[in-house]
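Written out below as structure tokens is the structure these notes cover.
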Amino acid sequence: MSLVTAPAPEALAEAVGDIVARAAMSLNESLPHLDLDGLVESFTRPSACQLLTSRYLGALDRGLPAGEAAAEAGTALLRAWSEARLASALLGQEETEQVAPRL
């Protein structure tokens, strides 16, 4: 990293884990019908962890404090998750309409 020394791997893993936990709990509090364990499982997939790590380190590199970097990474995770859910729902709707078109 150019501006800031990268956190130690253990510290980075702890930060990413904390972001995952806070994002999952926040979403579950807002939408209690969403299963907390399912959210944690989704947010700990390799692609989600890669997104979080990239966004967190990028924000640190831009000089943001760790808390703000975590908030930015968590926001990116929630946006990506919600966009994926919407795309999945729309795809499912299109498939249903192809099987049983509206009259």
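Residue numbers (the working numbering): 26 to 128.
Cβ atoms here follow ideal geometry from the backbone N, Cα and C, with glycine treated the same way.
- Counting only runs of 3+ residues, no beta strand (DSSP E) is found wholly inside the segment 52–91.
- Annotation: L59 to A49 spans about 9 Å, alpha carbon to alpha carbon.
- Note on R104: under 16 other CB atoms within 10 angstroms of its CB, so exposed under the neighbour-count rule.
- Nearest C-alpha to A38 among Q75, A109 and L52: Q75.
- In the three-state scheme derived from DSSP, where H, G and I count as helix and E and B as strand, A114 is classed as helix.
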